[in-house]
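In this note's numbering, the protein residues as written are -4 to 319.
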């Protein structure tokens, strides 16, 4: 019997229950995966609350990314073999100690990269990659604002952007996270619980405003973002940790001839080729030391409610991982 985390209704983390099931043999194109690590993301919480881009049919096994070892392969699978270490992202059903998965959604973990690091970094790393290199290719000398700079995606955005040569202004929610954000490449850190991040952005840029804003916060950051962005700057929202942003007033946008983008990984990771390219870039960046993802907080699968509650309560930094 395998254990799974089941959602039978939308709501807060406490609606989740651990259940047992018998896993079938892998079908055509599938493999059976014994999971060794499972990534936890804010998207898991948004999906559970019914606020995510994708709203699954209930009941469902939750979770979007993980890593593990192939234990069996189904008919037609030639790209993987028993014993291969693999990882995946954006594949519902991750919160389980074993699962079936389509072989074409799995990526081999390079030697030298730990399973927990792979499980913790693929979704966040691919998100950071497309934001920094495709949605807006950041260049050396530019000044950018990264919200939630001590969080999972924010940490990688700051590390990667600083290596590119950008000046990174990061926001955090407590004094305890300031040093962490600085260690991850932020030239300036603002505790938005007590300071005005827009004011700091304008001071750092001599009143011009920042070139681009990477916002995974949403509603609570919106007004400050509108003040902090430069004329013809780009505001990218990729998450809604504090709730949905208000409807955009066209005249407020026109006041700075600014650009707005609402991004999701599902529109960049669209097929096998894009997944291989983006995951490859993430693994290259890890091996080169450009980004330094880690399993900063490790919980047991049985403690999933505690793990998600700690994430929503902003008690964690960096990446959160479950182990069976």
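The C-beta atom is built at its ideal place from N, Cα and C for all residues, glycine as well.
- Assigned secondary structure, residue 275 (DSSP; H/G/I helix, E/B strand, else coil): Locating residue 275 in the chain shown gives position 280, where the first residue counts as 1. In the structure shown, residue 275 sits in a helix (DSSP, three-state: H, G or I).
- Take the Cβ of residue 239 as the centre, count every other Cβ of all protein chains shown within 10 Å, and call the residue buried at 16 or more, exposed below. Taking the chain shown and counting its residues from 1, the one referred to as residue 239 is at position 244. With fewer than 16 Cβ atoms within 10 Å of its Cβ, residue 239 is classed as exposed.
- N- and C-terminal bounds of the alpha helix (DSSP H) containing residue 159: Position 164 of the chain shown, counting from 1, holds the residue named residue 159. Element bounds for residue 159: 147 to 159.
- Message: Given a cut-off of 7 Å on the beta-carbon distance, is the pair residue 131 and residue 229 in contact?
- Response: Reading the chain shown from its first residue, position 136 is the one you call residue 131. Reading the chain shown from its first residue, position 234 is the one you call residue 229. It is a contact, given that the beta carbons lie within the stated cut-off.
- Message: Using 8 Å for Cβ pairs, my map puts residue 35 next to residue 306. What's the rounded Cβ distance?
- Response: Residue numbering aside, residue 35 sits at position 40 when the chain shown is read from its first letter. Residue numbering aside, residue 306 sits at position 311 when the chain shown is read from its first letter. Confirmed, about 6 Å.
- Identify the continuous alpha helix (DSSP H) that holds residue 60 and give its terminal residues. Reading the chain shown from its first residue, position 65 is the one you call residue 60. Counting along the chain, residue 60 falls outside any alpha helix (DSSP H), though it belongs to the beta strand (DSSP E) covering 60 to 68.
- Query: What does DSSP give as the partner residues of residue 82 in its beta bridges?
  - Reply: Counting from one through the chain shown, the residue named residue 82 turns up at place 87. Paired residue(s): 62 and 102.
- Message: Taking the alpha helix (DSSP H) that residue 116 belongs to, which residues open and close that run?
- Response: One-based indexing of the chain shown puts residue 116 at position 121. 110 to 125 is the span of the alpha helix (DSSP H), which, as asked, contains residue 116.
- Message: Suppose contacts are defined by Cβ-Cβ distances below 7 Å. Is residue 211 in contact with residue 143 by that definition?
- Response: Looking up residue 211 in the chain shown gives position 216. Looking up residue 143 in the chain shown gives position 148. Yes; because the gap between Cβ atoms is below 7 Å, this pair is in contact.
- Message: Could you tell me which whole alpha helix (DSSP H) segments of length 4 or greater appear in the segment 239 to 300?
- Response: 245 to 249 and 267 to 283
- Quick one: what does DSSP say residue 27 is sitting in, helix, strand or coil? As a first step, residue 27 must be located in the chain shown, where it is residue number 32. Residue state, collapsed to three classes: strand.
- If you follow the alpha helix (DSSP H) that residue 40 is part of, which residue opens it and which one closes it? Translated into the one-based positions of the chain shown, residue 40 becomes position 45. Unbroken alpha helix (DSSP H) run through residue 40: 37 to 43.
- For residue 183, the three-state DSSP class (helix, strand or coil): Within the chain shown, residue 183 is the residue found at index 188, counting from 1. Strand.
- Residues of its chain near residue 110, where Cβ-Cβ distance is below 6 Å and the 5 sequence neighbours each way are ignored: For the purposes of this step, residue 110 is identified with residue 115 of the chain shown, where counting begins at 1. Contacts found: 31, 32 and 62.
- Just curious, the beta strand (DSSP E) that residue 1 is in, first and last residue? Against the chain shown, residue 1 aligns to sequence position 6. Where residue 1 is concerned, the enclosing beta strand (DSSP E) stretches over -3 to 2.
- Query: residue 12 bridges to which residues according to DSSP?
  - Reply: The count along the chain shown starts at 1 and reaches residue 12 at position 17. Answer is 1.
- Message: Going by DSSP in three states, residue 7 sits in which element: helix, strand or coil?
- Response: As a first step, residue 7 is located in the chain shown; it is residue number 12 there, counting from the start. Note: residue 7 maps to coil in three-state DSSP.
- Cβ atoms of residue 205 and residue 151: under 7 Å apart, would you say? Translated into the one-based positions of the chain shown, residue 151 becomes position 156. Translated into the one-based positions of the chain shown, residue 205 becomes position 210. Their beta carbons are not under 7 Å apart, which means residue 151 does not touch residue 205 by this criterion.
- Item | Endpoints, beta strand (DSSP E) assigned at residue 225 | Residue numbering aside, residue 225 sits at position 230 when the chain shown is read from its first letter. From DSSP, the beta strand (DSSP E) with residue 225 extends over 224 to 232.
- Message: Tell me the DSSP secondary structure of residue 72 in three-state form.
- Response: The residue given as residue 72 occupies position 77 in the chain shown. If DSSP states are grouped into helix, strand and coil, residue 72 belongs with coil.
- Beta bridge counterpart(s) of residue 55 as assigned by DSSP: Locating residue 55 in the chain shown gives position 60, where the first residue counts as 1. Bridge partners of residue 55: 2.
- Query: Beta carbon of residue 11, beta carbon of residue 0: below 7 Å?
  - Reply: Taking the first residue of the chain shown as 1, we reach residue 11 at position 16. Taking the first residue of the chain shown as 1, we reach residue 0 at position 5. In contact: residue 11 and residue 0 (Cβ atoms closer than 7 Å).
- Message: List, from N- to C-terminal side, the beta strand (DSSP E) runs of 3 residues or more that fit wholly inside the segment 182 to 212.
- Response: 183 to 186 and 205 to 210
- residue 129 - DSSP class collapsed to helix/strand/coil: Locating residue 129 in the chain shown gives position 134, counting from the first residue. Helix at residue 129.
- Segment contact, 8 Å Cβ cut-off, at least three pairs: the segment 151 to 171 with the segment 180 to 190: yes
- Task: State the DSSP-derived secondary structure class of residue 107, mapped to helix, strand or coil.
- Result: Indexing the chain shown from 1 puts residue 107 at position 112. Coil.
- Who are residue 34's beta bridge partners in DSSP? For the purposes of this step, residue 34 is taken as residue 39 along the chain shown, with counting starting at 1. Answer by DSSP bridge pairing, in chain order: 60 and 316.
- Task: Decide if residue 163 is buried, meaning its Cβ has at least 16 other Cβ atoms within 10 Å, or exposed.
- Result: Position 168 of the chain shown, counted from the first residue, corresponds to residue 163. Its Cβ being crowded by 16 or more others within 10 Å, residue 163 is buried.
- Inter-stretch contact (C-beta, 8 Å, three-pair minimum) for the segment 280 to 297 and the segment 15 to 23: no
- Query: Is any beta-carbon of chain C found at less than 7 Å from that of residue 195?
  - Reply: In summary, chain C is missing from the structure at hand, where a single protein chain is found.
- Answer yes or no: do residue 213 and residue 193 have a C-beta to C-beta separation smaller than 7 Å? The count along the chain shown starts at 1 and reaches residue 213 at position 218. The count along the chain shown starts at 1 and reaches residue 193 at position 198. Not closer than 7 Å, so no.
- Message: So for residue 311, helix, strand or coil by DSSP?
- Response: As a working mapping, residue 311 is identified with position 316 in the chain shown. Looking at residue 311 - three-state DSSP - the assignment turns out to be coil, as it is neither helix nor strand.
- Since I believe residue 260 is in contact with residue 74 (beta carbons under 8 Å), could you give me their beta-carbon distance rounded to a whole number of angstroms? Along the chain shown, one-based indexing puts residue 74 at 79. Along the chain shown, one-based indexing puts residue 260 at 265. About 22 Å separates the two Cβ atoms, so there is no contact after all.
- Task: For residue 235, write down the residues that DSSP places opposite it in a beta bridge.
- Result: Looking up residue 235 in the chain shown gives position 240. Residue 235 pairs with nothing; no bridge assigned.
- Item | Spatial neighbours of residue 311 in its chain, beta-carbon cut-off 6 Å, leaving aside the 5 residues before and after | Numbered from its first residue, the chain shown carries residue 311 at position 316. Taken in chain order, the residues that qualify are 292 and 305.
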